[in-house]
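Trainee: Residue numbers (the numbering used here): 195 to 473.
Think of the CB as a built atom: it goes at the ideal place given N, C-alpha and C, for glycine as much as any other residue.
Treat the numbers as computed from the prediction; the structure is a model and nothing was measured.
The structure is given below, and queries will be raised subsequently.
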């Protein structure tokens, strides 16, 4: 009898420890100074099938621990990199509602609860779902979590990238304060990058206008190749400005068009231009 009681006691202790590891517990709205990484609380599933799986199908799949070996940046020959993350969030407060942002940088992101799609976001997403009271409706890569007091919810987080991750992946929770602080810091840190990229794009625009003007004057095909090169470089520059700085200038279709065609046309068109010069 003592052995049975000891085994039951040990089982309860182990279950409590596992529950504490798998469930992220917050006692009401946190007062963080920095965002909280939640990779250790996540389970992981890599969607490698040729057919896109529905959310109902994903819920039946077996997820595994999101270990450090799985957290590196992925480069693959597959056209899409689709990954799912599952985590449990518990709000132990009896009065406070949790208002958090799930932050991560991918082309497209989706957040589900056990019933349905909650929010969508991403670098390529044209319409970002954020509540109306959010002070930064332009924020990309952020998904809103609103959780009632004294509740436990299971969330599924879907990420989609084009052939490789935009940056090394991370998953973290932000409050409004930490999210705004990060936006300000990122904007300030990227000011020189913005000036550099804007200057490059402006140069391609005016050089392209110069080539167009001289083509009408002289009808020389070299200027036409030069104009085509400038157009491809101009839109490629705007594409990377939009992705890096979150300017929301283009739709996902136009981003895919630029990334699939224009970027690869730059060396081709420039080679034709050099060929005309050498001939």
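Residue 238 and residue 302 - do their beta-carbons sit closer together than 7 Å?
Mentor: no
Trainee: Cutting at 8 Å between CB atoms, please list the residues of its own chain near residue 271, excluding the five before and the five after it.
Mentor: 357
Trainee: Buried or exposed: which applies to residue 285, given that a residue is buried once 16 or more other Cβ atoms fall within 10 Å of its Cβ?
Mentor: buried
Trainee: Going by DSSP, name the residue or residues bridged to residue 336.
Mentor: 297
Trainee: List the endpoints of the continuous beta strand (DSSP E) containing residue 366.
Mentor: 366 to 368
Trainee: Are the segment 418 to 432 and the segment 450 to 458 touching by the rule of at least three beta carbon pairs closer than 8 Å?
Mentor: Between the segment 418 to 432 and the segment 450 to 458, the count of Cβ pairs shorter than 8 Å is three or higher; the stretches touch.
Trainee: Quick check: what's the CA-CA separation for residue 274 versus residue 267?
Mentor: 14 Å
Trainee: Considering residue 446, what are the terminal residues of the alpha helix (DSSP H) in which it resides?
Mentor: From DSSP, the alpha helix (DSSP H) with residue 446 extends over 446 to 451.
Trainee: Are the Cβ atoms of residue 435 and residue 394 separated by less than 7 Å?
Mentor: no
Trainee: Helix, strand or coil for residue 246? Go by DSSP, reduced to three states.
Mentor: coil
Trainee: Pull up the distance between the alpha-carbon of residue 530 and that of residue 462, whole angstroms please.
Mentor: Residue coverage of the chain in this structure runs from 195 to 473, which leaves residue 530 outside it and unanswerable.
Trainee: What's the gap between the Cα of residue 263 and the Cα of residue 418?
Mentor: 50 Å
Trainee: If we count the other Cβ atoms within 10 Å of its Cβ and call it buried at 16 or more, is residue 422 buried or exposed?
Mentor: buried
Trainee: Over what stretch of residues does the beta strand (DSSP E) that includes residue 178 continue unbroken?
Mentor: Residue 178 is absent from the structure shown; the chain starts at 195 and stops at 473.
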